[in-house]
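Sequential numbering of the sequence shown, starting at 6, is according to our numbering.
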Amino acid sequence: MDTAPASPHRRLWALALPILLTNLTTPIVGLTDTAVMGHLDGPVHLGAVSVGAMIFTFVAWSFGFLRMGTTALTAQALGSNDAAEERAVLARGLAVAGAIGAVLLVLSLPITGA
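Structure follows, in structure tokens:
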């Protein structure tokens, strides 16, 4: 049995690959929606989905700080075996996400006509 530590490259890829895949999925959602709508009659559906995909991608990337920051702080708390801090990081992240979501919901009302 090989007990040698994993190479630095292998450890780096183990961390980077999930992040890489996550970052690739956001634009793929818009691309898929656009491809499906492109098969419908008329350009209205395609135009609407394209604009929606751009807005979705912009919002997702704009608030990526919350995902990255929460992940880093959770990893630190987990590494130090501090369960109370893990819960606190989760609560803070959910509070910030909820507040941002509420603001975006209010700002979307004029656009949706509700």
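All C-beta atoms, glycine included, are put in the ideal place defined by N, C-alpha and C.
It should be emphasised that the depicted structure is a prediction, and the values quoted were computed from it without experimental measurement.
> Beta carbon of Thr62, beta carbon of Thr31: below 8 Å?
Replying inline: Pairing Thr62 with Thr31 gives a Cβ-Cβ distance under 8 Å.
>> Within 10 Å of its beta-carbon, does Ala58 have 16 or more other beta-carbons around it, so buried, or fewer, so exposed?
In response: Around the beta carbon of Ala58, 16 or more other beta carbons lie within 10 angstroms, which makes this residue buried.
> For the alpha helix (DSSP H) that contains Gly98, what are its first and last residues?
Replying inline: Unbroken alpha helix (DSSP H) run through Gly98: 88-117.
> How do the region 37-50 and the region 64-75 stand: do at least 3 beta-carbon pairs fall below 8 Å, yes or no?
Replying inline: No contact exists between the region 37-50 and the region 64-75.
>> Do Ala82 and Glu90 count as a contact pair if the criterion is CB distance below 8 Å?
In response: Their beta carbons are under 8 Å apart, which means Glu90 touches Ala82 by this criterion.
> Taking Cβ to Cβ, would you say Val108 is nearer than 8 Å to Leu71?
Replying inline: For Val108 and Leu71, no; Cβs fall outside 8 Å.
> Candidates Pro23, Leu25, Val54, Ala21: which alpha carbon is nearest Thr37's?
Replying inline: If we check each option's Cα against that of Thr37, Val54 comes out closest.
> So the alpha helix (DSSP H) Ser85 belongs to, where does it begin and stop?
Replying inline: For Ser85, there is no enclosing alpha helix (DSSP H), as DSSP marks it with neither H nor E.
>> Please tell me whether Thr79 and Val56 are closer than 8 Å, where the distance is taken between their beta carbons.
In response: No.
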